[in-house]
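Q:
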Amino acid sequence: MSLETMLTEIDKLLAVRAVGLPADLFSDVAPKVAAGWRARAAVESPSHLRTHPLPLRVTLLAALLHEREREITDTLVELLISTVHRIGARAEKKVTEQLVNAFKKVSGKENILFKLAEASIGEPEGTVREVVYPAVSGGEQTLRELVHEFKTRGPVYRRTVQTTLKASYTNHYRRGLIKLLDVLEFRSSNHTHRPVIEALALVARYAAAGNTTYYPLGETVPVHKAMGGDWAEVVHRTDKRGRRRVVRMVYEVVAFQALRDQLKCKEVWVVGADKWRNPDEDLPQDFAERREENYRELRKPLDAADFIDELREQMTTELTLLNDGMPRLSWLDIAERKSGAIRLTPAEAQPEPKNLRRIKSEVQRRWGIVPLIDMLKEAVLRTGCLDAVTSVSGGGSLLAEVLAERLLLVIYAYGTNTGIKAVASGGHGHTEDELRYVRRRYLSAEAARAIAIQIANATFAARSTEVWGQGSTAVASDSTHVRAYDQNLFTEWHSRYGGRGVLIYWHVEKKSLAIHSQLINCTASEVAAMVEGAMRHGTTMDVEANYTDSHGQSEIGFGITRLLNFDLLPRIKRINKAKLYRPVAGETDAYPALTPALTRPIRWELIAQQYDQMIKYATAIRTRTASTEAILRRFTRNASHLTYAAMLEVGRAQKTIFVARYLRLRDLQREIEEGLNVMESSNGANSVIAYGKGGEIVSNRRDEQEMFVLCLRILQSALVFVNTLMLQDILGEPEWADLLTPADRRGLTPLFWSHVRPYGEVNLDMDARLNLTAVTVHGPPHIGR
């Protein structure tokens, strides 16, 4: 995002504030109610708003301005964070390109030194050009590269980056960042970080001081941690009179970097923000009054000693089982090694299913190639999922049948990423303007989410245990990268995927049904996204376990999931380096077979001290007083937070329990791999469904991006729902059911698309139905008003 974007957002904030709404205007109104008023005002045209009675009109507009002020404030904070990061990243890139030869290490330095010494001793009277240069392979150029390498390594490189960073800040970004100090009010509840707030006040006070190099003598310059380390030599400079002074522009750069670090962990917060508000507001304000109820809801004992005893006992049990079972675990070896104490042999591959291809061919033979729009239509008509859709503005005159058709077309347009304009050209009789009207007035994010949830619940209800077995309580979760236009605050570079875009974080249960989706930034916490989806999916499924890729192996993830009562089951990256914590101090002879992998004891006293606070944070996540990401943002390594340290200890204990079980149980290893394979299959389906525009999100609006994700989820859920019914129709016949082997049943999935046509002209006929007998067919949907 450019400097102009920042200045534009600042102007928006000033325009909203110029209206003069009191900050506490909606303090006694439920956030959901205020958000509903805002949504209504946002979709109504000015002419419609003018027709409302004055009290209603003023209320709607005030809610719109109130919510927008908080959103713009959040946007400015995120712009500040990303801009400060960009200044540093671009400085490093620029210097690296300039000094690229500095990192071409000259090989054979010892041999060069010997040849130089030998040549010099042999002809002590000769010139350098005649004696020294010819003695080295490559001559003068090799020696120049050697000197260049020495001069540009280490401290010199860092100082060059700092100088370039300062120049970039001074010449371009300073104008916007200084203006941010005028419109945003930063505060901290921690006195440790007061110097950063005071530093910002000093920067603002001297913002218009022109080309003054130093702060005046006698001015108190707040000292904070960011001024140390590599910056210490640059922030301070000796003037012509030999006095040690603070360089003003460098101090400003360091102050903004310190601000960025403290904002990210919410040690510094912003008045009037939502996402970046006072972190104390993220916690339940009535926790003390409802303490027993909160503990009961989390199924946790009131006494910290009871919690610790249970956790320690589980650690002891799992470590004992692993230690005693080592002689029988042929796939596991634990010994002292430089590469890591643990050596785990991968599990053998499971037998391949033999008959699934025949079953999929039978699906295509019976129902032919089915357009994706017909799969969506069938799911909608059978589940009645459009019944909950109401007009955002509280009214509507469209016939239910007409509205249903247009909603289907809009969902298809967004989910396939082809867009409303392309879908409007199909043979269905609905114009582009009509579809856009329905999108704006009816298909809100809440409505789309409710549709996806209802299809998921209908799928659970329709499943036959004879075909699918008993329902599971485990989900797999992972993110997938989607390219997006880079003129967008939320679009970021992702080093692993090698491109700019956003992430979609999915939760998919073991039979391939997506129960939750969320759009997150590339730098967002995937642990927070994992917890958010497991806790707030909204379906009838009771999630008790979550398979994740290696991002889920963080200790803070293990800690928070233990408190929230579901098992975190990650794929452990670098299992050879994993450490097992001891449950009891002083018992150095315990678990002799595990000694090379054992480390220090758990600090139980810290857990006991912070137990109530940890339950308070877990309650905040459970009761949704704030987003999981906002709450966990405080638990970063930049934060000096005792509750964070205690949560880490809980996580280390829980991770030890998990790793001990994982190493011991082959079935658990296979279970996790199978769960993550479901995620891979789900990602493959998404790439087929969202084929439009090369799979790239072209809108820069966050709400449009979120709608794409939700509609993609609806389409995938509809595909799974209809495929479930198709498979049950086939496997309900004895000759097909008897064909399935155990390997076939293990690999059976309703997420396949060889019989589906996602592209082509969109023709919608609500009377043409698929011949399915597994579920009673309902009549046309009755959409709410």
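In this note's numbering, the protein residues as written are 196 to 980. Where a beta carbon is used, it is the ideal one built from N, C-alpha and C, also for glycine. Because the structure is a prediction, the values reported are computed rather than measured.
#1: Buried or exposed: where does Gly-333 fall if 16 or more other Cβ atoms within 10 Å of its Cβ makes it buried?
#2: Who are the Cβ neighbours of Leu-714 in its own chain at under 7 angstroms, not counting the five residues just before and after it?
#3: Using C-beta distances below 6 angstroms, list every residue in its chain close to His-746, excluding the 5 sequence neighbours before and after it, in chain order.
#4: Just list the residues that DSSP pairs His-711 with in beta bridges.
#5: Is DSSP giving Glu-596 helix, strand or coil here?
#6: Alpha carbon to alpha carbon, how far is Tyr-637 from Ile-797? Give it in angstroms, no decimals.
#7: Report the three-state DSSP secondary structure of Leu-673 (helix, strand or coil).
#8: Under DSSP, the beta strand (DSSP E) around Ala-740 begins and ends at which residues?
#9: Count the other CB atoms, across all protein chains shown, that sit within 10 Å of the CB of Asn-881; report buried if there are 16 or more and exposed otherwise.
#10: Going by CA-CA distance only, name the one from Tyr-609, Ala-483, Leu-395 that's closest to Arg-631.
#11: Please go through the segment 494-520 and give each complete alpha helix (DSSP H) segment of 4 or more residues, from N-terminal end onward.
#12: In chain order, what residues of the same chain lie with their CB nearer than 6 angstroms to the CB of Arg-538, ignoring the 5 residues before and after it?
#13: Using 8 angstroms as the cut-off, can you tell me whether the segment 908-917 makes contact with the segment 515-534, which would need three or more C-beta pairs spanning the two stretches below that distance?
#14: Which runs of the beta strand (DSSP E) spanning at least 3 residues fall entirely within the segment 781-836, listed in chain order?
#15: Which residue marks the beginning of the beta strand (DSSP E) containing Arg-439, and which one marks its end?
#16: Do Glu-844 and Ile-884 come within 7 angstroms of each other at the CB atom, strictly closer than that value?
#17: Using the DSSP secondary-structure output, state which residues sit across from Tyr-409 in a beta bridge.
#18: Would you identify the three-state DSSP class for Val-584, choosing helix, strand or coil?
#19: Considering only residues of the same chain and omitting the five flanking positions on each side of Glu-462, which have a CB-CB separation below 7 angstroms?
#20: Taking the alpha helix (DSSP H) that Pro-765 belongs to, which residues open and close that run?
#21: In the segment 224-291, which residue ranges form an unbroken alpha helix (DSSP H) of at least 4 residues, counting only runs that do not cross its ends?
#22: Would you mind reading off the limits of the alpha helix (DSSP H) that contains Arg-940?
#23: May I ask you to verify whether the segment 727-743 touches the segment 668-675, counting CB pairs closer than 8 angstroms and requiring at least 3?
#24: Given a cut-off of 7 angstroms, decide if Tyr-806 and Arg-544 are closer than it, judged by their beta-carbon atoms.
#25: Residues bridged to Pro-566 by DSSP?
#26: Taking DSSP's pairing of strands, which residues face Val-697 in a bridge?
#27: In whole angstroms, what separates the C-alpha of Leu-935 from that of Ala-709?
#28: Spatial neighbours of Arg-553 within its chain, please: C-beta separation below 8 angstroms, excluding the five flanking residues on both sides.
#29: Measuring alpha carbon to alpha carbon, tell me which residue in Thr-254, Thr-718, Ile-267 is nearest Gly-467.
#30: Return yes when the Cβ of Leu-216 is within less than 7 angstroms of the Cβ of Leu-260, no when it is not.
#31: What residues in its chain sit with their C-beta under 8 angstroms from that of Glu-1038, if we drop five residues either side in the sequence?
#32: Give me the Cα-Cα distance between Tyr-368 and Ala-210, rounded to the nearest whole angstrom.
#33: For Ser-877 and Val-605, which I take to be in contact (beta-carbon distance under 8 angstroms), what is that distance rounded to the nearest angstrom?
#34: Work out the CA separation of Met-444 and Thr-408 for me, nearest whole Å.
#35: Which residue's Cα is closest to the Cα of Phe-381: Asn-366, Ala-399, Ile-810, Gly-371?
#36: How is the alpha helix (DSSP H) around Arg-631 delimited, first residue to last?
A: Put simply:
#1: With fewer than 16 Cβ atoms within 10 Å of its Cβ, Gly-333 is classed as exposed.
#2: Here the set comprises Val-697, Ile-699, Gln-900, Glu-901, Val-904.
#3: Closer than 6 angstroms at Cβ, skipping near neighbours: Glu-721.
#4: Under DSSP, His-711 forms a beta bridge with His-702.
#5: In the structure shown, Glu-596 sits in a helix (DSSP, three-state: H, G or I).
#6: Cα to Cα, the separation comes out at about 53 angstroms.
#7: According to the sequence provided, residue 673 is Asp. The question's Leu does not apply to it. Of the three classes helix, strand and coil, the one that applies to Asp-673 here is strand, per DSSP.
#8: Per DSSP, Ala-740 belongs to the beta strand (DSSP E) from 740-743.
#9: Around the beta carbon of Asn-881, a 10 Å sphere encloses 16 or more other beta carbons of the protein chains shown; the residue is thus reported as buried.
#10: Closest option to Arg-631, judged by alpha-carbon separation, among Tyr-609, Ala-483, Leu-395: Tyr-609.
#11: Listed in chain order, the complete alpha helix (DSSP H) runs (minimum 4 residues) inside the segment 494-520 are 499-520.
#12: Correct list, in chain order: Asp-528.
#13: They do not touch, by the three-pair rule.
#14: 793-796, all fully within the segment 781-836.
#15: That run of the beta strand (DSSP E) goes 439-441.
#16: Pairing Ile-884 with Glu-844 gives a Cβ-Cβ distance that is not under 7 angstroms.
#17: Tyr-409 is bridged by DSSP to Val-442.
#18: Val-584: coil per DSSP, three-state reduction.
#19: Closer than 7 angstroms at the Cβ level, and outside the excluded window around Glu-462, lie Ser-383, Asn-385, His-388, Ala-834.
#20: Membership of Pro-765 in any alpha helix (DSSP H) is not indicated; the residue belongs instead to the beta strand (DSSP E) covering 762-765.
#21: Within the segment 224-291, the complete alpha helix (DSSP H) runs of at least 4 residues are 226-238, 241-245.
#22: For Arg-940, the enclosing alpha helix (DSSP H) stretches over residues 937-942.
#23: The segment 727-743 makes contact with the segment 668-675; the number of CB pairs closer than 8 angstroms reaches 3 or more.
#24: The question names Arg, but residue 544 is Ala in the sequence shown. A distance of 7 angstroms or more separates the beta carbons of Ala-544 and Tyr-806.
#25: According to DSSP, which records beta bridges pairwise, Pro-566 is partnered with Arg-952.
#26: Here Val-697 is bridged, per DSSP, to Val-677.
#27: Annotation: Leu-935 to Ala-709 spans about 25 angstroms, alpha carbon to alpha carbon.
#28: If we look at Arg-553 and ignore the five residues flanking it on each side, its Cβ neighbours are Leu-934.
#29: With distances taken between Cα atoms, Gly-467 lies closest to Ile-267.
#30: Contact flag set, yes.
#31: Outside the shown range of the chain (196 to 980) lies residue 1038, about which nothing can therefore be said.
#32: When rounded, the distance between both Cα atoms is 22 angstroms.
#33: That pair is no contact at about 23 angstroms.
#34: C-alpha of Thr-408 to C-alpha of Met-444: approximately 7 angstroms in a straight line.
#35: Selected option, being the one with the closest Cα: Ala-399.
#36: Counting along the chain, Arg-631 sits inside the alpha helix (DSSP H) bounded by residues 627-636.
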